[in-house]
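Visitor: The numbering used here puts the first residue of the sequence shown at 18, with every later residue one more than the last. Just dropping this structure here.
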Amino acid sequence: MARQTLLAPRPALGTPRPALPAGRTGGRRIRPRTLVVAAVAWLLAALFLLPYLEMAVTALRPADELRDATYLPTHFAWSNFVDVWRDSTLGGNLRVTLLVAGGSTLLALLVALPAAYYTARIRYRGRRLFLLLVLVTQMFQPTSLLVGLYREFYQLGMLNSVWTLILCNAAFNLAFAIWILTAYIGSIPVELEEAAMIDGLGRLGALRRVTVPLAMPGIVTAVIFTFISAWNEFVMGLTLSTVPDSQPLTVGINSFIGNYTVQWNYLFAGSVVAIVPVVVLFAFIERQVVSGLTAGSVK
């Protein structure tokens, strides 16, 4: 006897769907542990954002209300940003910082990418020693080498030069870029390059058309960390640049701190101008930065 399949009638259009049980979203049950973790994460995010909120509020506070106990001012002084830009060298300092951060990032990447590729692909003698030396150079702080750097660039006549800051920042961030790119390129199967070379590409062609596109998350990670490090650098800019117009933004903001008074509203207004470009840049490429940091951890 043939089986008969009973089909349930379809609900008419416009019929409301039955409500989900409590604690369920889209058919999945939300665990209490998930809610606790989410609440703690939001709380930590709020705690980290509070100093930036205080900085933004102080940047908009009038000068006669800087010592008031109220959290919000009676009115927001948007003219603080105009005064900072007009009455200081902040515009020139921002230009210098953009040139230094962009130039040092490009120079570090041009040197680190071939070095990381060769180290990841070629098992040459002394490879471990090379990686050890790269790691050792990362341990040196700029402050421990400032006297020697100042004497060298003074004898070369390169003080108060953008190129001096570009060379120094690129050198101090080169080790991190090599390590990140070596780990990421090492996680890319070498068979992909061999197949490309069988198809007629040379070593450079395989690097340009196969390896570089696949290693883009690692490259972006090296770029963003080098850029942020050069953007936030203070000590070398203060020592190697003594002319206000040739100093980076971090040093220019420091000019609002005097011997006896501190212009807090102008200081925080300049700080807001300094952090906005980096925050916007990081927000756009945050996913690639995270994937680059986990490069090589999973095969």
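Ideal Cβ placement from N, Cα and C applies to all residues, glycine included.
Within the same chain, show all residues whose beta-carbon is closer than 7 angstroms to that of G254, passing over the 5 residues directly before and after it, in chain order.
Guide: Here residue 254 corresponds to residue number 237 of the sequence shown, with the count starting at 1. If we look at G254 and ignore the five residues flanking it on each side, its Cβ neighbours are L182, Q264, P265, T267 and V268.
Visitor: Tell me the DSSP secondary structure of F245 in three-state form.
Guide: Your numbering for residue 245 matches position 228 in the sequence shown. For clarity, residue 245 is Ile in the given sequence; the question names Phe instead. In the structure shown, I245 sits in a helix (DSSP, three-state: H, G or I).
Visitor: Should R140 go down as buried or exposed, given a rule of 16 or more other Cβ atoms within 10 Å for buried?
Guide: In the sequence shown, the residue the question calls residue 140 occupies position 123. With fewer than 16 other Cβ atoms within 10 Å, it is exposed.
Visitor: From A300 to P294, what does the alpha carbon distance come to, in whole angstroms?
Guide: Translated into positions along the sequence shown, residue 300 becomes position 283. Translated into positions along the sequence shown, residue 294 becomes position 277. Distance between the alpha carbons of A300 and P294 is about 10 angstroms.
Visitor: Report all residues from its chain with a CB closer than 8 angstroms to the CB of G40; omit the five preceding and five following residues, and keep chain order.
Guide: Start at 1 with the first residue of the sequence shown, and residue 40 comes out as number 23. Confidence at G40 is low in this model, with a pLDDT of 49, below 50, so the placement of that residue is unreliable and no value is reported for it.
Visitor: How long is the line joining the alpha carbons of I302 and V237, rounded to whole angstroms?
Guide: As a working mapping, residue 302 is identified with position 285 in the sequence shown. As a working mapping, residue 237 is identified with position 220 in the sequence shown. In this model, I302 and V237 are separated by some 8 angstroms (Cα to Cα).
Visitor: Using DSSP with H/G/I as helix, E/B as strand and the rest coil, what is R145?
Guide: If you number the sequence shown from 1, residue 145 lands on position 128. Reduced to three states, the DSSP call for R145 is helix.
Visitor: Could you have a look at V260 and say whether DSSP puts it in helix, strand or coil?
Guide: Translated into the one-based positions of the sequence shown, residue 260 becomes position 243. The answer is coil: DSSP assigns V260 none of H, G, I, E or B.
Visitor: Just to confirm my understanding: we take V54, look at its own chain, exclude 5 residues before and 5 after, and list those with CB closer than 8 angstroms. What are they?
Guide: Along the sequence shown, read from residue 1 onward, the residue named residue 54 stands at position 37. Once the five neighbours on either side are set aside, V54 has no close Cβ partner at all.
Visitor: Excluding the 5 residues flanking M156 on each side, which residues of the same chain have their C-beta closer than 7 angstroms to its C-beta?
Guide: Here residue 156 corresponds to residue number 139 of the sequence shown, with the count starting at 1. Excluding positions up to five away in sequence, the list is empty.
Visitor: With respect to the alpha helix (DSSP H) encompassing E214, which residues constitute its N-terminal and C-terminal limits?
Guide: Locating residue 214 in the sequence shown gives position 197, counting from the first residue. Looking at the sequence shown, residue 214 is not Glu but Met. Looking at the DSSP string, the run of the alpha helix (DSSP H) that includes M214 is V207 to I215.
Visitor: Which residues in the same chain as V128 place their Cβ atom closer than 7 angstroms to its Cβ, once the five residues preceding and following it in sequence are excluded?
Guide: Translated into positions along the sequence shown, residue 128 becomes position 111. When the five nearest sequence neighbours on each side are left out, the beta carbons in the same chain lying within less than 7 angstroms of the beta carbon of V128 are those of L191, in order along the chain.
Visitor: Please check the pair A291 and A118, which I expect to be a contact at CB under 8 angstroms, by giving their CB distance rounded to whole angstroms.
Guide: Taking the first residue of the sequence shown as position 1, residue 291 is located at position 274. Taking the first residue of the sequence shown as position 1, residue 118 is located at position 101. The C-beta separation of A291 from A118 comes to about 11 angstroms, leaving the pair out of contact by the 8 angstroms criterion.
Visitor: Give the DSSP-derived three-state secondary structure of R46 in the structure shown.
Guide: Indexing the sequence shown from 1 puts residue 46 at position 29. Strand, per DSSP.
Visitor: By Cβ distance, which residues of its chain are closer than 8 angstroms to L124, with the 5 residues on each side in sequence left out?
Guide: The residue labelled residue 124 in the question sits at position 107 within the sequence shown. Counting only residues of its own chain and dropping the five nearest sequence neighbours on each side, L124 has a CB closer than 8 angstroms to the CB of I183, L184 and A187.
Visitor: Here's a check: name, in chain order, each residue in its chain whose Cβ is nearer than 7 angstroms to the Cβ of A80, leaving out the five neighbours to either side.
Guide: Within the sequence shown, residue 80 is the residue found at index 63, counting from 1. Result list for A80: N282, in chain order.
Visitor: Does the beta-carbon distance from L257 to Y167 come in below 8 angstroms?
Guide: As a first step, residue 257 must be located in the sequence shown, where it is residue number 240. As a first step, residue 167 must be located in the sequence shown, where it is residue number 150. Closer than 8 angstroms, so yes.
Visitor: Return the first residue and the last residue of the alpha helix (DSSP H) that S178 is part of.
Guide: What you label residue 178 is simply residue 161 of the sequence shown in a count that begins at 1. No alpha helix (DSSP H) holds S178; DSSP gives it neither H nor E.
Visitor: So, helix, strand or coil for I302, using DSSP?
Guide: Position 285 of the sequence shown, counted from the start, is the residue given in the question as residue 302. Three-state result, I302: coil.
Visitor: Curious, which full-length alpha helix (DSSP H) runs of at least 4 residues does the segment 99-171 contain?
Guide: With a minimum length of 4 residues, the continuous alpha helix (DSSP H) runs that stay inside the segment 99-171 are 107-138 and 144-156.
Visitor: Assuming T199 contacts T122 under a Cβ cut-off of 8 angstroms, what Cβ separation, rounded to an integer in Å, is found between them?
Guide: Here residue 199 corresponds to residue number 182 of the sequence shown, with the count starting at 1. Here residue 122 corresponds to residue number 105 of the sequence shown, with the count starting at 1. Between T122 and T199 the Cβ distance is about 18 angstroms, and since that is not below 8 angstroms, they are no contact.
Visitor: If you drop the 5 nearest sequence neighbours on each side, which residues of the same chain put their C-beta closer than 7 angstroms to that of R226?
Guide: Residue mapping note: residue 226 aligns to position 209 of the sequence shown, counting from 1. Cβ neighbours of R226 within its own chain (closer than 7 angstroms, five residues either side excluded): A213 and L218.
Visitor: Give the range of the alpha helix (DSSP H) segment to which A218 is assigned.
Guide: Position 201 of the sequence shown, counted from the first residue, corresponds to residue 218. Before going on, a small fix: residue 218 reads as Leu here, not Ala. Counting along the chain, L218 falls outside any alpha helix (DSSP H), and DSSP gives it neither H nor E.
Visitor: What is the residue span of the alpha helix (DSSP H) that G269 lies within?
Guide: Reading the sequence shown from its first residue, position 252 is the one you call residue 269. L266 to I270 is the span of the alpha helix (DSSP H), which, as asked, contains G269.
Visitor: Considering only their Cβ atoms, is the gap separating F93 from L77 smaller than 8 angstroms?
Guide: In the sequence shown, counting from the first residue as 1, residue 77 sits at position 60. In the sequence shown, counting from the first residue as 1, residue 93 sits at position 76. Yes, they are a contact pair.
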